[in-house]
Amino acid sequence: MKRFVYINDDEASKELCCDNRISNRKYTLWNFLPKNLWEQFSRFMNQYFLLIACLQLWSLITPVNPASTWGPLIFIFAVSASKEAWDDYHRYLSDKKANEKEVWIVKQGIKKHIQAQDIQVGNIVWLRENDEVPCDLVLLGTSDPQGVCYVETAALDGETDLKTRVIPSACVGIDLELLHKMKGVIECPIPDKDIRRFDANMRLFPPFIDNDVCSLTIKNTLLQSCYLRNTEWACGVSVYTGNQTKLGMSRGIAEPKLTAMDAMIDKLTGAIFVFQIVVVMVLGVAGNVWKDTEARKQWYVQYPEEAPWYELLVIPLRFELLCSIMIPISIKVSLDLVKGLYAKFIEWDVEMIDQETGTASYAANTAISEDLGQVEYILTDKTGTLTDNKMIFRRCCIGGIFYGNENGDALKDAQLLNAITSGSTDVIRFLTVMAICNTVIPVQSKAGDIVYKAQSQDEDALVIAAAKLHMVFVGKNANLLEIRFNGSIIRYEVLEILEFTSDRKRMSVVVKDCQNGKIILLSKGADEAILPYACAGQQTRTIGDAVEHYSQLGLRTLCLAWRELEENEYLEWSVKFKEASSLLVDREWRIAEVCQRLEHDLYILGVTAIEDRLQDGVPETIETLRKAGINFWMLTGDKQNTAIQIALSCNFISPEPKGQLLMIDGKTKEDVSRSLERVLLTMRITASEPKDVAFVIDGWALEIALKHHHKDFVELAILSRTAICCRVTPSQKAQLVEILKSCDYRTLAIGDGGNDVRMIQQADIGVGISGREGLQAARAADYSIGRFRFLKRLILVHGRYSYNRTAFLSQYSFYKSLLICFIQILRFWNQSFQFG
Amino acid sequence: MSSTNTPSSSAAAAAGSVDSSAARRNSKRPKYSKFTQQELPACKPILTPGWVISTFLIISVIFIPLGVISLFASQDVVEIVDRYDSACVPPPDQANKVAYIQGAANKSCTRTLIVPKRMKQPIYVYYQLENFYQNHRRYVKSRSDSQLRSVKDENQIDACKPEDDVGGLPIVPCGLIAWSLFNDTYALSRNNQRLAVNKKGIAWKSDREHKFGKRVFPKNFQKGNLTGGAILDPNISLSDQEDLIVWMRTAALPTFRKLYGKIESDLEKGDNIQVTLQNNYNTYSFSGKKKLVLSTTSWLGGKNDFLGIAYLTVGGICFFLALAFTVMYLVKPRRLGDPTYLSWNRIPGGR
Chain A
0 MKRFVYINDD
10 EASKELCCDN
20 RISNRKYTLW
30 NFLPKNLWEQ
40 FSRFMNQYFL
50 LIACLQLWSL
60 ITPVNPASTW
70 GPLIFIFAVS
80 ASKEAWDDYH
90 RYLSDKKANE
100 KEVWIVKQGI
110 KKHIQAQDIQ
120 VGNIVWLREN
130 DEVPCDLVLL
140 GTSDPQGVCY
150 VETAALDGET
160 DLKTRVIPSA
170 CVGIDLELLH
180 KMKGVIECPI
190 PDKDIRRFDA
200 NMRLFPPFID
210 NDVCSLTIKN
220 TLLQSCYLRN
230 TEWACGVSVY
240 TGNQTKLGMS
250 RGIAEPKLTA
260 MDAMIDKLTG
270 AIFVFQIVVV
280 MVLGVAGNVW
290 KDTEARKQWY
300 VQYPEEAPWY
310 ELLVIPLRFE
320 LLCSIMIPIS
330 IKVSLDLVKG
340 LYAKFIEWDV
350 EMIDQETGTA
360 SYAANTAISE
370 DLGQVEYILT
380 DKTGTLTDNK
390 MIFRRCCIGG
400 IFYGNENGDA
410 LKDAQLLNAI
420 TSGSTDVIRF
430 LTVMAICNTV
440 IPVQSKAGDI
450 VYKAQSQDED
460 ALVIAAAKLH
470 MVFVGKNANL
480 LEIRFNGSII
490 RYEVLEILEF
500 TSDRKRMSVV
510 VKDCQNGKII
520 LLSKGADEAI
530 LPYACAGQQT
540 RTIGDAVEHY
550 SQLGLRTLCL
560 AWRELEENEY
570 LEWSVKFKEA
580 SSLLVDREWR
590 IAEVCQRLEH
600 DLYILGVTAI
610 EDRLQDGVPE
620 TIETLRKAGI
630 NFWMLTGDKQ
640 NTAIQIALSC
650 NFISPEPKGQ
660 LLMIDGKTKE
670 DVSRSLERVL
680 LTMRITASEP
690 KDVAFVIDGW
700 ALEIALKHHH
710 KDFVELAILS
720 RTAICCRVTP
730 SQKAQLVEIL
740 KSCDYRTLAI
750 GDGGNDVRMI
760 QQADIGVGIS
770 GREGLQAARA
780 ADYSIGRFRF
790 LKRLILVHGR
800 YSYNRTAFLS
810 QYSFYKSLLI
820 CFIQILRFWN
830 QSFQFG
Chain B
0 MSSTNTPSSS
10 AAAAAGSVDS
20 SAARRNSKRP
30 KYSKFTQQEL
40 PACKPILTPG
50 WVISTFLIIS
60 VIFIPLGVIS
70 LFASQDVVEI
80 VDRYDSACVP
90 PPDQANKVAY
100 IQGAANKSCT
110 RTLIVPKRMK
120 QPIYVYYQLE
130 NFYQNHRRYV
140 KSRSDSQLRS
150 VKDENQIDAC
160 KPEDDVGGLP
170 IVPCGLIAWS
180 LFNDTYALSR
190 NNQRLAVNKK
200 GIAWKSDREH
210 KFGKRVFPKN
220 FQKGNLTGGA
230 ILDPNISLSD
240 QEDLIVWMRT
250 AALPTFRKLY
260 GKIESDLEKG
270 DNIQVTLQNN
280 YNTYSFSGKK
290 KLVLSTTSWL
300 GGKNDFLGIA
310 YLTVGGICFF
320 LALAFTVMYL
330 VKPRRLGDPT
340 YLSWNRIPGG
350 R
């Protein structure tokens, strides 16, 4: 299915449905009452109480005043309904705020100010710096002459770094004025929720040049809820609007959560109801028989001779009402009350206040505290949840010499500082790679300091560290890089950037040294992606050892490498690279292949070690919860290596030989299937051994595994106590939660970013960390806490208390009412069913 | 309950409200108190063998003597029970008792009781009915308390159907209960000497003073088509009609005793007591029994072994349990707080 979006053409795009109105509401004004009542009455207990209350309206059979049942019933329903209404009203308000935000769009060639909700598919939308993107756009122009702009996608995928977006090649060089009058057609897929893919084509109509089809990727889009940063302005044509945007499609409706205990109580109620019916039938028949044989002889009662047709029903129904206390109506009220108190206890707990920010814990959902005491699986995000999301350069190894081993901070290592001042070639090259082999943008702030905007936190850490070691990356002007080293300015011209992909696990830049005209290839990447391509003579043993050493310390390592290129070699390769870059099919794969031709015979400079600081008490928390029999899964959007390293450093998995890490990977269906089978086999064998076996899977393999080998994967999920899923999308996170839930496990999802929202809503319990990545997760969550380590107290103290208390309360409630009822039933026998 | 918020597409739009609420949350830092931190002193006994055994022992030590004392108290009570419903029907009418009781024949009958033991005054005279359902749904509701209390409410007879009025005039006291008032009478004599039965002060004081009005007199009573039980003297106010007051306090069980009067003199062992009774009340149609009861009381009330037996049973069970636990503790002791006992469905330590 395809959708054709006509740029700037209101007529043609009209049938493309909806405007940009977003709605997260569950109810409208009209359907609130019926829908809410329907929802409440879907619980068996409520149906039962309604039945009893209705029977009590019939004065012939009721032993008590109907108000005694209707009163509490109406009160209970009113409380729940008004709670729902209040929540929904707030959703409505926040929707309204978003819908009524003013945006600039172009209509019939004129720039207009309209409300965000009136944007139509095909409109050209203008954005200024720091504006939020109101709907999914295809970029047409930016203030940057190269057609680049930067966006922050934290709300979408939880990654805080800036991402570059470029305008499609067809739009390059179009004048600002002409952008208003642009016409064309975009052929794009029907709305889906994949935020990593956008396979579309664009064709501009004359008078615009390039009547060819120009392919579009996700790099050419601005997605809803991202922010435009570091770019004066940008404009784009809206392709998906309202609830059809990538974000809108991946937004799940939050189902009301029901605890295991609630389900049990419902089941129990059903069972008691059946028992009650049996009792009532026996008593009813006995009562009718007795009435017909004996009661007529009792002259003092003066039975009327004539009986209405429903006479036979009267006695059983009376018994039903008398037995109705068997199911206590009070349990709902008392449970609601105590659950509210549990929630308050969580909020009051002084041991769960984040001392840094002073944020107390908050229980948004008061109904599910006791589930905290039954958690079996915890699915956790990594960045910002386990870690502080602050990368710091700690150590390095240059040319076989370790720096920073003594005091744990290479920046203060006198040896290194000496090496820099003495001008050791290796060290200076090393610093150069640290400073410029990246996609970082230096921004001069108003105070005159240089602030770096980096796509990844690692690069940020490296550039900052280089700056502290006197190799300051001061400016980027189009392709010209400026570095200040010991007072002198060195300029490089960037010729190509060989970007990082998760397969290549390395990135390189080709630069031309403006001083001497040499062309240099600078690379950095994971050890397994760099070391095999070392030049023939070099000993990589020491480097390998350094990587090993750093990994054991829980540091993230990157190998830096260098090679001087011959001009011919570069030119030759450059042609192939351009060719590959313009391919439409298999582009990524072809580019990787071409890059490989350049990245060989590298001279390995050394290894950097970066610390991704764990939050306080994370390893202890994980270990304690493990001991309590809770299993952990880590779901992260991050790279595999990073994820594994963090997992190692926070007790998540054990290093060999105590633990074993099994990889599931592969690009094709067959690969994944083989890999999955192998892992499953190992799991089955080691299941009985006291060995920590964990599996690692990446998003791509996961998608294939879920699609084609769902059953195997479910078995794997049951077998493994630990799993690491990396490069997973928000909806995959939710899917994984769904799988564990379908195996009847109680799941708790904890995360801090917008990309965790789905999983948090899907899990039985969602916990948000009200941390740095905004409050999205915390708002969607049932509980929000300040730090990961509070999870221990939340589960082991509050969860357990709540579970015990609710269990006691409900058991006692049932016991009490059954006891009362049995006294009555015994008395009926004693009374010979005297209720005619 | 749903979680409060779905992820809004507009982080910025919601940012304002979130910030303010976050600030509010921060300022509302929880205060420390023992209650909020769940640190209030609490006591949860650990059920160690010593604790359990001694608790059971203490209970049995208290309960068994209590049971014995109650049983003795009950044994002290002297009670004479005489069932007369069948015996007071002359032999020719035995086949059709209902016809006899509804007939016009003379219903007087004489019974002789022998005092088995010395009975100290006051001796209570009861009549006991069996298989009579004063607690019947139709019956128990059929009265008008406001009418009984004051004259001006004599028209409040809604609850009294079908015995509410006669030809439009309200019956006082109305309803099935009053209408079916027990009407057997007993005259007692000892050794041919009349034995005075005091019929004053047999009803509850509160009933006499508050529930039955001093100025309310019976009206139109037993004037309907059907005659139920006793007829009331229309010149005596309801608060003085103590038989009615006693009867109107309905019994909860189908076997019940109601106080008829008190004998305020001692009876010696072997005394012959003649009871001349008027056998008027119809219990024959529903095969109910009628009994005359003479009984003394102890500090624990009338003759009833139940309390003593219950105490003895509970005390005995506790003693037995204490014994059993002691034996178990000595034969097969178990480590306290062993976590392996917590698991019932998985191997300890394993998955």
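So the protein lines, in turn, are chains A and B. Per numbering that gives the first Met the number 0: the first sequence = residues 0 to 835. Per numbering that gives the first Met the number 0: the second sequence = residues 0 to 350. Cβ coordinates follow ideal geometry from the N, Cα and C atoms, glycine included. Because the structure is a prediction, the values reported are computed rather than measured.
Give the straight-line distance between the Cα atoms of residue i and residue j, rounded to the nearest whole angstrom.
| i | j | result |
| --- | --- | --- |
| Leu180 of chain B | Glu310 of chain A | 29 Å |
| Lys34 of chain A | Leu28 of chain A | 11 Å |
| Gln37 of chain B | Phe344 of chain A | 8 Å |
| Val450 of chain A | Pro144 of chain A | 22 Å |
| Leu175 of chain A | Val462 of chain A | 35 Å |
| Arg788 of chain A | Met633 of chain A | 16 Å |
| Asp84 of chain B | Val279 of chain A | 36 Å |
| Trp308 of chain A | Glu162 of chain B | 25 Å |
| Ala776 of chain A | Gln810 of chain A | 35 Å |
| Ser368 of chain A | Tyr341 of chain A | 7 Å |
| Ser169 of chain A | Leu203 of chain A | A small fix is needed here, since residue 169 of chain A is Ala in this sequence, not Ser. Roughly 8 Å separates the two Cα atoms. |
| Glu375 of chain A | Arg625 of chain A | 10 Å |
| Tyr239 of chain A | Tyr149 of chain A | 20 Å |
| Phe43 of chain A | Phe272 of chain A | 10 Å |
| Phe807 of chain A | Ala362 of chain A | 22 Å |
| Ile51 of chain A | Leu32 of chain A | 21 Å |
| Ala259 of chain A | Lys95 of chain A | 36 Å |
| Leu847 of chain A | Leu557 of chain A | Residue 847 of chain A lies beyond the range of chain A shown here (0 to 835); nothing can be said about it. |
| Glu676 of chain A | Asp711 of chain A | 8 Å |
Would you mind reading off the limits of the alpha helix (DSSP H) that contains residue i?
| i | result |
| --- | --- |
| Phe631 of chain A | Premise fails: Phe631 of chain A lies in the beta strand (DSSP E), Asn630 to Leu634, not in any alpha helix (DSSP H). |
| Cys317 of chain B | Phe305 to Val330 |
| Thr623 of chain A | Val617 to Lys626 |
| Gly91 of chain A | Looking at the sequence itself, residue 91 of chain A is Tyr, so the reference to Gly does not match. Ala66 to Asn98 is the extent of the alpha helix (DSSP H) around Tyr91 of chain A. |
| Ile176 of chain B | Leu175 to Trp178 |
| Tyr47 of chain A | Phe43 to Leu54 |
Among the options, which has the Cα closest to the Cα of residue i?
| i | options | result |
| --- | --- | --- |
| His209 of chain B | B:Asp270, B:Asn190 and B:Leu237 | B:Leu237 |
| Thr295 of chain B | B:Val274, B:Ile79 and B:Ser69 | B:Ile79 |
| Tyr138 of chain B | B:Trp178, B:Ala72, B:Lys331 and B:Met118 | B:Trp178 |
| Tyr310 of chain B | B:Ser69, B:Asp152, B:Phe220 and B:Asn191 | B:Ser69 |
| Phe285 of chain B | B:Asp75, B:Lys96, B:Glu263 and B:Asp337 | B:Lys96 |
| Ala418 of chain A | A:Ile397, A:Gly407 and A:Leu715 | A:Ile397 |
| Leu479 of chain A | A:Gln456, A:His469, A:Thr500 and A:Val508 | A:Val508 |
So, helix, strand or coil for residue i, using DSSP?
| i | result |
| --- | --- |
| Tyr802 of chain A | helix |
| Ile276 of chain A | helix |
| Ile60 of chain A | coil |
| Thr685 of chain A | helix |
| Trp29 of chain A | coil |
Quick one: give me the first and last residue of the beta strand (DSSP E) that residue i is part of.
| i | result |
| --- | --- |
| Asn200 of chain A | Ala199 to Leu203 |
| Glu153 of chain B | Neither: Glu153 of chain B is in no beta strand (DSSP E) and is coded neither H nor E. |
| Ser323 of chain A | That residue, Ser323 of chain A, is in no beta strand (DSSP E); it is neither H nor E in DSSP. |
Flag this pair as touching only if the stretch 127-134 of chain B and the stretch 246-264 of chain B have three or more C-beta atom pairs under 8 Å; answer yes or no. yes
Tell me whether the stretch 323-341 of chain A and the stretch 301-315 of chain A touch, counting them as touching only if at least three CB pairs, one residue from each stretch, are closer than 8 Å. no
Three Cβ pairs or more, each shorter than 8 Å: is that satisfied between the stretch 212-230 of chain A and the stretch 124-139 of chain A? yes
Does the count of Cβ pairs from the stretch 542-549 of chain A and the stretch 519-534 of chain A closer than 8 Å reach three? yes
Could you say if the stretch 640-648 of chain A and the stretch 736-743 of chain A meet the contact criterion of at least three C-beta pairs nearer than 8 Å? no
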